[in-house]
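J.: The number in this note's numbering is simply the position in the sequence shown, starting from 1, with 40 added.
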Amino acid sequence: MPFQEIIVREYRPNDAAALAQIYYNTIHQINIQHYTKVQVNAWAPETSLEPSGWVTKFERTNPLVAMIGEVIVGFAEFESNGHIDCFYCHHQYIGCGVGSALMESIDEKAVQRGIKRIFAEVSITARPFFEKQGFTVVEEQTISLRGVQFINYKMEKHLA
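#1: If I'm right that I124 touches A160 with Cβ under 8 Å, what's the distance once you round it to whole angstroms?
#2: Which value, in whole angstroms, describes the spacing of the CA atoms of H198 and V111?
#3: Determine the extent of the beta strand (DSSP E) in which I146 is found, giving its start and end residues.
#4: Can you say whether N54 is buried or exposed, counting buried as having 16 or more other CB atoms within 10 angstroms of its CB?
#5: I'd like to check one pair, Q79 with V178: are the Cβ atoms closer than 7 Å?
#6: Tell me which same chain residues have a C-beta within less than 7 Å of the C-beta of G122, skipping the five on either side of it?
#7: Under 8 Å Cβ to Cβ from A200, same chain only, skipping five residues before and after it: list those, please.
#8: Starting from the N-terminal side, write out each stretch of the alpha helix (DSSP H) that is 4 residues or longer and does not extend beyond the region 55-92.
#9: Assign T96 to buried or exposed, taking buried as 16 or more other Cβ atoms, counted over all protein chains shown, within 10 Å of its Cβ.
#10: Can you check DSSP and say which residues form a bridge with C129?
#11: Counting C-beta neighbours from all protein chains within 10 Å, is the total for P85 16 or more, i.e. buried, or is it exposed?
#12: Identify the continuous beta strand (DSSP E) that holds R157 and give its terminal residues.
#13: Does DSSP classify R49 as helix, strand or coil?
#14: In the structure shown, what three-state DSSP assignment does M41 receive?
#15: Distance, Cα to Cα, I108 vs V138?
#16: When DSSP builds the beta bridges, which residues end up paired with I124?
Below, the structure written as structure tokens:
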């Protein structure tokens with residue numbers, strides 16, 4: 041795919057459906073490489089496609105939204121304590137710089153807010169990306185979601 045400019049902007053209320061779709065599709069089409077069908081179904085059940093469940097969350101977390109042209113291609117939630125919650129790139133735009141653009145915006149926001157450490161719970165699939173972005177593994181952990189066990193990683197990055 042040829043280079044296209046990626047713009048990162050603040051969340052808008054009408055983004056919820058597109059972000060829900062990215063969340064669901066990325067987990068079911070990308071994370072399936074490292075997790076079982078049972079795990080991805082627990083992580084992103086069909087109900088996660090309902091935008092109404094996301095609207096309240098997004099109003100609270102105000103995610104960063106990555107765009108190429110008029111297409112939403114990713115999003116990330118960056119909390120005031122330095123925690124990165126949802127960080128998802130559109131499954132058709134993996135490897136196109138979307139994640140890097142989102143992470144650059146997070147780094148800029150962290151510096152503006154005086155945050156010295158950013159951290160996240162990262163999937164097996166996303167770990168190499170986060171490592172390339174300067175994160176290190178603090179701990180491998182097994183979590184339970186809807187009664188299903190998952191491995192993920194607590195990762196962090198210290199900012200200058």
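Ideal Cβ positions, reconstructed from N, Cα and C, are used throughout, including at glycine.
T.: Walking through what the data contain:
#1: As a position in the sequence shown, residue 124 is number 84, starting the count at 1. As a position in the sequence shown, residue 160 is number 120, starting the count at 1. That belief holds up - the Cβ atoms of I124 and A160 are roughly 4 Å apart, short of 8 Å.
#2: The sequence position of residue 198 within the sequence shown is 158, counting from 1. The sequence position of residue 111 within the sequence shown is 71, counting from 1. Spanning the two alpha carbons is a distance of roughly 32 Å.
#3: For the purposes of this step, residue 146 is identified with residue 106 of the sequence shown, where counting begins at 1. In this chain, I146 is not harboured by any beta strand (DSSP E); it is covered by the alpha helix (DSSP H) spanning 138-153.
#4: Position 14 of the sequence shown, counted from the first residue, corresponds to residue 54. Residue environment analysis places N54 among the exposed positions, since fewer than 16 neighbouring C-beta atoms fall within 10 angstroms of its C-beta.
#5: For the purposes of this step, residue 178 is identified with residue 138 of the sequence shown, where counting begins at 1. For the purposes of this step, residue 79 is identified with residue 39 of the sequence shown, where counting begins at 1. No, Cβ-Cβ distance for V178 and Q79 is not below 7 Å.
#6: The residue you call residue 122 lines up with position 82 of the sequence shown. Annotation for G122: A150, I155, R157, I158, F159 place their beta carbon closer than 7 Å to its own, counting only its chain and skipping 5 residues before and after.
#7: Position 160 of the sequence shown, counted from the first residue, corresponds to residue 200. Residues of the same chain with a CB within less than 8 Å of the CB of A200, apart from the 5 flanking positions on each side, do not exist.
#8: 56-69, 77-83, all fully within the region 55-92.
#9: Here residue 96 refers to the residue found at position 56 when the sequence shown is read from its first residue. Note on T96: under 16 other CB atoms within 10 angstroms of its CB, so exposed under the neighbour-count rule.
#10: Looking up residue 129 in the sequence shown gives position 89. C129 is bridged by DSSP to G114.
#11: Here residue 85 refers to the residue found at position 45 when the sequence shown is read from its first residue. Using a 10 angstroms sphere on the CB of P85, the tally of other CB atoms stays under 16, which defines it as exposed.
#12: Residue 157 sits at position 117 when you count from the first residue of the sequence shown. Taken as a continuous stretch (DSSP letters only), the beta strand (DSSP E) holding R157 covers 157-163.
#13: Mapped onto the sequence shown, residue 49 falls at position 9. R49 falls in the strand class under three-state DSSP.
#14: As a first step, residue 41 must be located in the sequence shown, where it is residue number 1. With a pLDDT of 48 at M41, under the threshold of 50, the predicted position of this residue should be treated as unreliable, though the coordinate-derived value follows. If DSSP states are grouped into helix, strand and coil, M41 belongs with coil.
#15: Translated into positions along the sequence shown, residue 108 becomes position 68. Translated into positions along the sequence shown, residue 138 becomes position 98. Rounded to whole angstroms, the separation of the alpha carbons of V138 and I108 is 9 Å.
#16: For the purposes of this step, residue 124 is taken as the residue at position 84 of the sequence shown. In the DSSP assignment, I124 forms a beta bridge with F118, A160.
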